[in-house]
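Engineer: For the protein sequence lines, the chains are R and H, in the order given. The end of the first sequence is residue 365 by numbering that gives the first Met the number 0, with every number in the run present. The end of the second sequence is residue 627 by numbering that gives the first Met the number 0, with every number in the run present. Positions of the beta carbon are idealized from the N, C-alpha and C atoms, including for glycine. From a predicted model like this one, the values you see are computed outputs, not experimental measurements.
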Amino acid sequence: MIDRRLFTSFDWKVLLLILLITAVGILNIYSASASYRIAGTPYALKQFYWSVIGIGLILMICSIDYHVLEDVSYWFYGLIIIFLLLVLVVGKTSMGATRWLNLGLFTMQPSEPMKLVIIITLARYFTRNQVPGLLGIRAIFVPLLILLLPAALIVKQPDLGTAIMVCLVAATITIAVGIRWSVILSFVLTGIPVLVIAWNFLLHTYQKNRVLNFLDPERDPLKSGYHLIQSKIAVGSGGVFGKGFMHGTQTQLRFLPEQHTDFAFSVFAEEWGLLGSVIVLTLYLALILWGLHVASRCNDRFGTLLAVGVTAMLFWHIVINMGMVIGLFPVVGVPLPFFSYGGTSMITSMVGAGILLNISMRRFMF
Amino acid sequence: MPLKGQRYIRGGQDLSKRLYLISLAAVAIFLIILSRLWFLQFIEVGRLREMSENNRLRFIPVAASRGVLLDRNSKIIVNNTPSFSLAVVPNEVRDKDYLLDNLAQVLRIEKSELLARWERVKGRAKYFPVVLASGLTRDQVEYFEENALRLSGLEIEVKPVREYPEGMLASHLLGYIAEVSEKELEMAGYSEFNPGDYIGKNGIERSYEKYLHGEDGGRQIEVDARGRFLRVMNESLPVPGQSLVLTIDSDLQKASEKALGDKAAAAVVMDVNSGEILSFASSPGFDPALFTRRLSPEQWASYLEDKRNPLENKAIRGQYPPGSTFKIVTALAGLAEGLIDEKTEVNCTGEYKLGNGTFRCWNKKGHGKMTLRGALRESCDVYFYALGEKLGVDRIAMYARKFGLGEPTGIGMDGEKGGFVPSSEWKEKKTGIKWFRGETLPVSIGQGYLTATPLQLAAMTSGLATDGKIYRPHIVKRILDREGKTAKEFSPEIMKNIDLKPEHFRLVREGLWAVVNEPRGTGAAARLYEVRVAGKTGTSQVVKMKDSNLSVAYKHRDHALFVAFAPYDKPEIAVSVVVEHGEHGGGSAASVAGQILRKYFELKGVIKRPASDSEDESSEDEPEGNEE
Chain R
0 MIDRRLFTSF DWKVLLLILL ITAVGILNIY SASASYRIAG TPYALKQFYW
50 SVIGIGLILM ICSIDYHVLE DVSYWFYGLI IIFLLLVLVV GKTSMGATRW
100 LNLGLFTMQP SEPMKLVIII TLARYFTRNQ VPGLLGIRAI FVPLLILLLP
150 AALIVKQPDL GTAIMVCLVA ATITIAVGIR WSVILSFVLT GIPVLVIAWN
200 FLLHTYQKNR VLNFLDPERD PLKSGYHLIQ SKIAVGSGGV FGKGFMHGTQ
250 TQLRFLPEQH TDFAFSVFAE EWGLLGSVIV LTLYLALILW GLHVASRCND
300 RFGTLLAVGV TAMLFWHIVI NMGMVIGLFP VVGVPLPFFS YGGTSMITSM
350 VGAGILLNIS MRRFMF
Chain H
0 MPLKGQRYIR GGQDLSKRLY LISLAAVAIF LIILSRLWFL QFIEVGRLRE
50 MSENNRLRFI PVAASRGVLL DRNSKIIVNN TPSFSLAVVP NEVRDKDYLL
100 DNLAQVLRIE KSELLARWER VKGRAKYFPV VLASGLTRDQ VEYFEENALR
150 LSGLEIEVKP VREYPEGMLA SHLLGYIAEV SEKELEMAGY SEFNPGDYIG
200 KNGIERSYEK YLHGEDGGRQ IEVDARGRFL RVMNESLPVP GQSLVLTIDS
250 DLQKASEKAL GDKAAAAVVM DVNSGEILSF ASSPGFDPAL FTRRLSPEQW
300 ASYLEDKRNP LENKAIRGQY PPGSTFKIVT ALAGLAEGLI DEKTEVNCTG
350 EYKLGNGTFR CWNKKGHGKM TLRGALRESC DVYFYALGEK LGVDRIAMYA
400 RKFGLGEPTG IGMDGEKGGF VPSSEWKEKK TGIKWFRGET LPVSIGQGYL
450 TATPLQLAAM TSGLATDGKI YRPHIVKRIL DREGKTAKEF SPEIMKNIDL
500 KPEHFRLVRE GLWAVVNEPR GTGAAARLYE VRVAGKTGTS QVVKMKDSNL
550 SVAYKHRDHA LFVAFAPYDK PEIAVSVVVE HGEHGGGSAA SVAGQILRKY
600 FELKGVIKRP ASDSEDESSE DEPEGNEE
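1. Are H/L454 and H/L243 close, meaning C-beta to C-beta below 8 Å?
2. If we ignore side chains and look at the alpha-carbon of each, how far apart do R/G322 and H/R65 end up?
3. List, in chain order, every chain R residue whose beta-carbon is nearer than 7 Å to that of H/L39.
4. Spell out the partners DSSP gives H/Y470 in its beta bridges.
5. With 7 Å as the C-beta to C-beta threshold (strictly closer), list the residues of the stretch 277–294 of chain R near chain H in chain order.
6. Give me the chain H residues within the contact set of R/L273, using Cβ-Cβ distance strictly less than 8 Å, ordered along the chain.
7. What is the rounded straight-line gap between the Cα of R/L26 and the Cα of H/E118?
8. Pick helix, strand or coil for H/Y351, following the three-state DSSP scheme.
9. I think H/P320 touches H/Q594, with their Cβ atoms under 8 Å apart; what is that distance to the nearest whole Å?
10. Starting from the beta carbon of R/A175, find every residue of chain H whose beta carbon is closer than 7 Å, and list them in chain order.
11. By the criterion of Cβ-Cβ separation under 8 Å, what are the contact partners of R/M321 in chain C?
12. For a contact defined as C-beta to C-beta under 8 Å, what are the partners of H/V26 on chain R?
13. Can you say whether H/S255 is buried or exposed, counting buried as having 16 or more other CB atoms within 10 angstroms of its CB?
14. Is H/L184 close to chain R, meaning its C-beta is less than 8 Å from at least one C-beta of that chain?
15. Take R/M349 and list the residues in its own chain whose beta-carbon comes closer than 6 Å to its own, dropping the five residues that flank it on each side.
16. Counting contacts by CB-CB distance shorter than 8 Å, is H/V129 in contact with chain R?
17. In terms of residue numbering, what span does the alpha helix (DSSP H) encompassing H/M412 cover?
18. According to DSSP, is R/T21 helix, strand or coil?
19. Using a 10 Å radius around the Cβ and a threshold of 16 neighbouring Cβ atoms, would you call H/E141 buried or exposed?
20. Quick check on the burial criterion: 16 or more other C-beta atoms within 10 angstroms. Buried or exposed for H/Q104?
21. Below 8 Å between beta carbons: does that hold for R/C297 and R/A306?
22. Can you pull the chain R residues whose beta carbon is under 7 Å from the beta carbon of H/F640, in chain order?
23. Please say whether H/N193 and H/P296 have beta carbons closer to each other than 8 Å?
24. Report buried or exposed for H/V157, applying the criterion of at least 16 other Cβ atoms within 10 angstroms of its Cβ.
25. Along chain H, which residues have their Cβ under 7 Å away from the Cβ of R/F314?
26. In whole angstroms, what separates the C-alpha of H/K433 from that of H/Y448?
27. Thinking just about the alpha-carbon of each residue, which of R/T204, R/V234 and R/G342 is nearest to the one in R/Y42?
28. Can you have a look at H/A552 and say buried or exposed, based on whether 16 or more other CB atoms are within 10 angstroms of its CB?
29. Between which two residues does the beta strand (DSSP E) harbouring R/T126 extend?
30. DSSP three-state label for H/I572, please.
31. With DSSP run on the structure shown, which of helix, strand or coil describes H/A86?
32. If I measure Cβ to Cβ from H/A464 and keep anything under 7 Å in the same chain, skipping five residues before and after, which residues do I get?
33. Between H/R9 and R/L5, what straight-line distance do the alpha-carbon atoms span, to the nearest angstrom?
34. Helix, strand or coil: which one does DSSP assign to R/N357?
35. Along chain R, which residues have their Cβ under 8 Å away from the Cβ of H/R48?
36. Enumerate in chain order the residues of its own chain whose CB-to-CB distance from H/H503 is below 7 Å, with the five nearest sequence positions on each side excluded.
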């Protein structure tokens, strides 16, 4: 199984690209948390440890043929669904949301692995159930069920950010497989009344407020609208060249909410300016285009769809997070891959990167 | 129709056209993000930068109110009261010079001093307030509030500070709080403090800091460019510290301090059946309130120059040769080793010869024939020289250690000293010279290298009173949580269990009873008629030894000591008193002990308080000049 070709076809440049983004992220966390008074290990150091674990995971994943995932995907899916159900019953509640499950040794957030598991599951489904031509309404009935079951459970927690993410990833895979325009159109047409119902009956007040505040930030400048304004001020006041490392006043004065996690990029944009932001943006774009490239040159359908899914996951995280930071989207708790502080996000992103590298290095095997 | 069973029919090739379109879409979305960044950071930069510069966030620390100290009867001895301090937010000051001139005038603090305090916090964020002065008067607070616009960048903080309803009572025990020093800030364990924070510097305030301090809170507020309050952004409420119930009885403490007067002295009263310290006096005291409000240099100098050493906690840090009070240990060692018994007689001629040296008894005429009881009663040195010679220094040291001498008792206060118990091994290691037999004799009467703290002497005496059970001295009875419920209780803990025959303890106790109650006893000044008291006097001679010629007459500077326990038949408390330069233990120290014992039994209701005494109590606070 260990083939010398595997080693030579390993994308070292891409691994380097990921390490570069991670390193910039750690540096940024260092600055973002400089004004905190915390006891114990500093955030930047903890993030470093997580990244080391993540790199270990990449290497581990690369040593196993990704086709194994196809065989175990439904088992994974079932397991995570059980976990999601358990969360609703015996989950740990913090800050008004029940997302955590205590597994004795550690606690986990089953919605996070769901992001990856939905990719694997749909990739398998679309590989084994192929239709000639584009997907019609009937062909997407089962995949829709596969998606909606976990999505509904995650919305229930409530964790809107992750639910949207799972849906976006699933939609991207479906589009890559090919879907009829009429189906997309009918989705949009049914989507509008569903949104109206959801707005009135399903969304929590805080979620509604976020949307409203996004549409009109001045509506509530103290609460969630405030974060948007302050983040925009931070990014904009950075200018072309930035205020310099550790010199972002918005950051060091702690005007930014969650500035080491979800708003880490606004810290970066403030301190490094347009120049720094464009560089990071370019690095991310390179990563995404490489992911899609891996998908298109892969010789089997499962690998292609897996690569599309993982790339979509990274892409939507980047777009939604950055969009939020620069005021294009409402505030949803979505971290920036490899960049925001947090072990969970780091592990998910690194595992995703590992899968992509895995597919890429085995492209000659078929 | 779905095609099943064919696992890898085709790869990504059939999708590659779509994947190409998806790539284009991704690039387009990134371009939207890029253009938004360009819009914010290039077009809007002027407006947003101005907004960021107008943003002013301040962090106002809210100090937790410190735990209260109560005596054993839940009487408050240390409380909190609000105090105003002035802080400056460096990055909001427009004209530093002008501001400092103004402050120097209003606060009456040298400008250079203010500047030094300002600079002290270099390296900290410029928007965190720096405390420049504490303990502002109402007028000063009003002045700063009225002139807030002219003197921009100032901030008034309210902090709870200590209040002492009992004045200087038990000042060494309680300690004081003051601003954390630069040196401390750099020390491990102090990292959570900020300049300007008050912490315990001494005594219980220091040793129990982690319970007393609580958790400081803070308010994050937004102000406009002129420093005017806009809104509270974030608030974390301070968590008050836990209160301590001490073992001290404040009435007994008061009486102890009164009995010590203005002498350099210490007195400890300990419950022999629990180790609780009922009174813990070190004299002269100091005013802890002065330290909270920045001690003036003059006051500081006056404390430092006072030869009586008011800042030293003599009860746990004063190490004195125990003098004849140590004969308790020598006697028990002799009995336990079978070297003497009740009837063993020594003829005291006033001196004892060993080799070339002559060792004198305090009574130059000699005591004549002495048994143990007489030798204790009249504190005959010759009897103990003879016994000491037989015992040798190492056996004496072994018994001294059994009584807890030579090591700190572990009372739970920082800086406790352990005294010293010499041995032949120690001397040889330290000086390379062998131990001389002649050096043993002073040790056997509690002189020479031997030292002990007043607290250790009280513990030693309690061991005699209880047939060998010494409870670890402690000063905190209970820790109370914020609702006033008991969070932690300190139960008695046995420190030493001295395995000697009860018979031997009884013989020495009888000797101590005779000291106080029989004619020719040296401790008659401690006698009470209502309660049977037993005690031992001591005189400790503090001189430098000239070589090893120890028989040279000691000069002045004798300290007076007295240890006692009562009641004789069923001991409850042990008392130790050391009066520096008090000449003879039988006089000053024993009478101090007598007054303390009397008060203890008065408070218990065993001794009725004479009518005139209660009047005396009420006029206690008046100057006692007429006594001089």
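Structural biologist: The relevant details are as follows:
1. Within the second sequence, numbered from 1, the residue matching residue 454 of chain H stands at position 455. Within the second sequence, numbered from 1, the residue matching residue 243 of chain H stands at position 244. No, these two residues do not count as a Cβ contact at 8 Å.
2. What you label residue 322 of chain R is simply residue 323 of the first sequence in a count that begins at 1. What you label residue 65 of chain H is simply residue 66 of the second sequence in a count that begins at 1. One C-alpha to the other measures close to 47 Å.
3. Position 40 of the second sequence, counting from 1, holds the residue named residue 39 of chain H. Result: K231, V234, G235 and I325.
4. As a working note, residue 470 of chain H is residue 471 in the second sequence. Beta-bridge pairing links H/Y470 to H/I493.
5. V277, L280, L284, I287, L288, L291 and A294
6. Start at 1 with the first residue of the first sequence, and residue 273 of chain R comes out as number 274. Here the neighbours are L36, W37, Q40 and F41.
7. Residue 26 of chain R sits at position 27 when you count from the first residue of the first sequence. Residue 118 of chain H sits at position 119 when you count from the first residue of the second sequence. Cα to Cα, R/L26 sits roughly 29 Å from H/E118.
8. As a first step, residue 351 of chain H is located in the second sequence; it is residue number 352 there, counting from the start. Looking at H/Y351 - three-state DSSP - the assignment turns out to be strand.
9. Residue 320 of chain H sits at position 321 when you count from the first residue of the second sequence. Residue 594 of chain H sits at position 595 when you count from the first residue of the second sequence. Not a contact, Cβ separation roughly 24 Å.
10. Your numbering for residue 175 of chain R matches position 176 in the first sequence. Result: L14, R17, L18 and I21.
11. Absence of chain C from the displayed structure is noted, the protein chains being R and H.
12. By one-based count along the second sequence, residue 26 of chain H stands at place 27. Chain R residues near H/V26: L284 and L288.
13. Looking up residue 255 of chain H in the second sequence gives position 256. Counting Cβ neighbours within 10 Å, H/S255 comes out buried, since at least 16 surround it.
14. Counting from one through the second sequence, the residue named residue 184 of chain H turns up at place 185. Closer than 8 Å: no.
15. Counting from one through the first sequence, the residue named residue 349 of chain R turns up at place 350. For R/M349, where only same-chain residues beyond five positions count, the Cβ hits under 6 Å are G53, L56 and I57.
16. Along the second sequence, read from residue 1 onward, the residue named residue 129 of chain H stands at position 130. No, H/V129 does not count as interfacial toward chain R.
17. Taking the second sequence and counting its residues from 1, the one referred to as residue 412 of chain H is at position 413. Judged by DSSP secondary structure, H/M412 falls outside any alpha helix (DSSP H); it is assigned neither H nor E.
18. Counting from 1 along the first sequence, the entry for residue 21 of chain R is found at position 22. The answer is helix: DSSP assigns R/T21 an H, G or I state.
19. Locating residue 141 of chain H in the second sequence gives position 142, where the first residue counts as 1. By the 10 Å Cβ count, H/E141 comes out exposed.
20. In the second sequence, residue 104 of chain H corresponds to position 105, counting from 1. H/Q104 comes out exposed.
21. Position 298 of the first sequence holds residue 297 of chain R. Position 307 of the first sequence holds residue 306 of chain R. In this structure, R/A306 lies closer than 8 Å to R/C297 by Cβ.
22. Given a span of 0 to 627 for chain H in the structure shown, any question on residue 640 of chain H remains unanswerable.
23. Counting from one through the second sequence, the residue named residue 296 of chain H turns up at place 297. Counting from one through the second sequence, the residue named residue 193 of chain H turns up at place 194. In this structure, H/N193 does not lie closer than 8 Å to H/P296 by Cβ.
24. Locating residue 157 of chain H in the second sequence gives position 158, where the first residue counts as 1. Answer is exposed; the Cβ neighbour count stays below 16.
25. For the purposes of this step, residue 314 of chain R is identified with residue 315 of the first sequence, where counting begins at 1. Correct list: A25.
26. Along the second sequence, one-based indexing puts residue 433 of chain H at 434. Along the second sequence, one-based indexing puts residue 448 of chain H at 449. Their Cα atoms are separated by approximately 15 Å.
27. Walking along the first sequence from the start, residue 42 of chain R turns up at place 43. Answer by Cα proximity: R/G342.
28. As a position in the second sequence, residue 552 of chain H is number 553, starting the count at 1. With a pLDDT of 38 at H/A552, under the threshold of 50, the predicted position of this residue should be treated as unreliable, though the coordinate-derived value follows. Classification for H/A552: exposed.
29. In the first sequence, counting from the first residue as 1, residue 126 of chain R sits at position 127. Where R/T126 is concerned, there is no enclosing beta strand (DSSP E), although the alpha helix (DSSP H) it sits in stretches over S110 to R127.
30. Here the question's residue 572 of chain H lines up with position 573 in the second sequence. If DSSP states are grouped into helix, strand and coil, H/I572 belongs with the strands.
31. By 1-based counting over the second sequence, the position of residue 86 of chain H is 87. Of the three classes helix, strand and coil, the one that applies to H/A86 here is strand, per DSSP.
32. For the purposes of this step, residue 464 of chain H is taken as residue 465 along the second sequence, with counting starting at 1. Setting aside the 5 residues that flank it on each side, H/A464 is surrounded in the same chain by V271, F564, P570 and A573, each with a C-beta closer than 7 Å to its C-beta; the list follows chain order.
33. Mapped onto the second sequence, residue 9 of chain H falls at position 10. Mapped onto the first sequence, residue 5 of chain R falls at position 6. Any reading at H/R9 must be qualified, since the residue scores a pLDDT of 49, below 50, and its modelled position is unreliable; the value itself is stated next. Distance between the alpha carbons of H/R9 and R/L5 is about 22 Å.
34. To locate residue 357 of chain R, count along the first sequence from 1; it is residue 358. Residue state, collapsed to three classes: helix.
35. Indexing the second sequence from 1 puts residue 48 of chain H at position 49. At a C-beta separation below 8 Å, H/R48 has these neighbours in chain R: G235, S236 and G238.
36. Within the second sequence, residue 503 of chain H is the residue found at index 504, counting from 1. Answer for H/H503: L331, L334 and A335, listed in chain order.
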